[in-house]
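Numbering (the working numbering), first residue to last: 2 to 299.
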């Protein structure tokens, strides 16, 4: 059965790959963004997510129908996927990062719930764990970072994502809508695997993100899995590939760069430190694009 998806932020780095994946899997997608998506199979509706009126109107629009096929009446929507955001700090002033991300997410979730859309997927971030944009490098309370971790960021971007998770939880509790937040690791596009040898030469370079990554196509897979899995209420899932982005064993990375940090349970030889076990168990997520398929180790 074709899924009808409203997707905010589908023109961005991560969004365009997720949209393409959804289309390839037979979904009908309407992209809602401030700039068009260069994809002939996807229409873009230009809208500002910080304007609640525009968001409400966009989510109750034609849902991707072409102008004359076969009716202009709004059609039922299966899910809203919300990726639109300022993607990190240091792009716009901190207060704007927080305002756009927090209010934009509130507007999208509120509109979806009030329109009766029963599934919302929002893009959260690995930055919520507080390592990436800390003033100084800091050690976490434990590894691997999992969804039970007491998130503790100090920057406006990660703070906005924590607020967004709380917003999602509030609406899910109030209305019973399924709202899942994906704490997305460092998104790697296919052409970016050329960067990995440089990172191998300087293994400390990606310490702040705990060497996590998610292939953009695998991000598409976990998004679709989340769309298809009903009845979980409010949930948070880490979105990461199975392995780290380093050629060193995970134990060696911890010994060298995070000595003394407790490790919960046993880790595989190259297992990710942004745990994806919950997504594997509850969503059936199975990443297919390890860097080892695309990068030769010298």
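Here a beta-carbon is modelled for each residue, glycine too, at the ideal position from N, C-alpha and C.
Among residues of its own chain, excluding the 5 on either side of residue i, which ones have a beta-carbon nearer than 8 Å to its beta-carbon?
i           : result
residue 129 : 152, 154, 159, 162, 163, 166 and 184
residue 131 : 139, 141, 152, 153, 154, 155 and 159
residue 258 : 204, 205 and 208
residue 265 : 143, 144, 145 and 147
residue 100 : 51
Apart from the five residues on each side of it in sequence, which residues of its chain come closer than 7 Å, Cβ to Cβ, to residue i?
i          : result
residue 36 : 12
residue 1  : Coverage of the chain is limited to positions 2 through 299, which leaves residue 1 absent and any answer about it impossible.
Would you kindly check if the distance between the Cβ of residue j and the Cβ of residue i is under 8 Å?
i           : j           : result
residue 204 : residue 249 : yes
residue 279 : residue 238 : yes
residue 77  : residue 170 : no
residue 86  : residue 117 : no
residue 270 : residue 245 : no
residue 291 : residue 243 : yes
residue 179 : residue 221 : no
residue 108 : residue 53  : yes
residue 43  : residue 56  : no
residue 210 : residue 127 : yes
residue 157 : residue 201 : no
residue 15  : residue 217 : yes
residue 3   : residue 28  : yes
Roughly how many angstroms separate the alpha carbons of residue i and residue j, rounded to a whole number?
i           : j           : result
residue 79  : residue 123 : 14 Å
residue 295 : residue 198 : 11 Å
residue 114 : residue 268 : 39 Å
residue 39  : residue 49  : 19 Å
residue 293 : residue 189 : 13 Å
residue 17  : residue 299 : 32 Å
residue 22  : residue 96  : 33 Å
residue 121 : residue 286 : 18 Å
residue 228 : residue 173 : 15 Å
residue 98  : residue 282 : 33 Å
residue 137 : residue 93  : 21 Å
residue 236 : residue 284 : 11 Å
residue 168 : residue 26  : 30 Å
residue 192 : residue 61  : 36 Å
residue 90  : residue 134 : 8 Å
residue 45  : residue 195 : 31 Å
residue 182 : residue 41  : 28 Å
residue 47  : residue 10  : 10 Å
residue 150 : residue 34  : 32 Å
residue 84  : residue 223 : 14 Å
When DSSP labels each residue in this structure, what does residue i get in the three-state scheme?
i           : result
residue 172 : helix
residue 229 : helix
residue 242 : coil
residue 45  : strand
residue 249 : coil
residue 89  : coil
residue 32  : strand
residue 23  : helix
residue 116 : coil
residue 203 : coil
residue 76  : coil
residue 146 : strand
residue 283 : helix
residue 181 : strand
residue 272 : strand
residue 262 : coil
residue 134 : coil
residue 83  : strand
residue 235 : strand
The ligand NAD heavy atoms versus the CB of residue i: any closer than 7 Å?
i           : result
residue 206 : Ligands displayed in this structure: none; no statement on the ligand NAD is therefore possible.
Near residue i, what residues of its chain come up, given a Cβ to Cβ distance below 6 Å and the 5 sequence neighbours on each side ignored?
i           : result
residue 145 : 274 and 276
residue 241 : 186, 213, 215, 273, 275 and 277
residue 8   : 20, 30, 32 and 82
residue 119 : 178
How many whole angstroms separate the CB atoms of residue i and residue j, which I take to be in contact at a CB cut-off of 8 Å?
i           : j           : result
residue 143 : residue 260 : Contact doesn't hold; Cβ gap of about 14 Å is too wide.
residue 289 : residue 219 : 6 Å
Could you tell me whether the Cβ of residue i comes closer than 8 Å to any Cβ of chain C?
i           : result
residue 171 : Of the chains in the structure shown, none is chain C; there is only one protein chain.
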